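Working notes for the structure below.
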Amino acid sequence: RLLDGRVVVGHSLAHDFKVLGLSPPSALIRDTAACGLLRQLGQGRSLKALTEHHFGKRIQDGVHCSVEDARAALQLYKSVQDKWDETCPVAIEAIPEHSFLAAHLRAA
1 RLLDGRVVVG HSLAHDFKVL GLSPPSALIR DTAACGLLRQ LGQGRSLKAL TEHHFGKRIQ
61 DGVHCSVEDA RAALQLYKSV QDKWDETCPV AIEAIPEHSF LAAHLRAA
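The opening position of the sequence shown corresponds to residue 1 in the UniProt record's numbering, with each subsequent residue numbered one higher.
Encoded structure:
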């Protein structure tokens, strides 16, 4: 129920969903690892590689930080949000107006 009707943004989310025993509808998943809009042919798809390529920003140097990863994935998503959402218009409509995610996604 936690994710009902909510868009989930992240990177390589399949394992996370499996561990948590969740299976949200694919129309509500924004997995930056699977996004063709973010990577060129032959380009790596790691969060670290995508963030450095698109923003010139280095992440994951040293200690792993899940907050840093979440911010990087959201920044990547927001950079292609308009094009991505054209293919899943139902997903944006499903975001509750009062949610934290809605405020950030609609502010872009």
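The beta carbon of each residue, even a glycine, is placed where N, CA and C say it ideally should be.
As the structure is a prediction and not an experimental result, all values here were calculated from the model.
{"Check": "Cβ separation of Arg-45 and Ala-33, assumed to be a contact under 8 Å, to the nearest whole Å", "Outcome": "5 Å"}
{"Check": "Own chain residues within Cβ distance below 8 Å of Ser-23, not counting five before or after", "Outcome": "Phe-17"}
{"Check": "Collapsed DSSP secondary structure at Arg-39 in the structure displayed", "Outcome": "coil"}
{"Check": "Which listed residue (Asp-82, Lys-83 and Lys-78) has its alpha carbon closest to that of Val-9", "Outcome": "Lys-78"}
{"Check": "Contact under 7 Å by Cβ, Ala-73 with His-15", "Outcome": "no"}
{"Check": "Enclosing alpha helix (DSSP H) for Asp-16 [first to last residue]", "Outcome": "13–20"}
{"Check": "Sub-7 Å separation of Leu-50 and Leu-38 beta-carbons", "Outcome": "yes"}
{"Check": "Three-state secondary structure (DSSP) of Val-9", "Outcome": "strand"}
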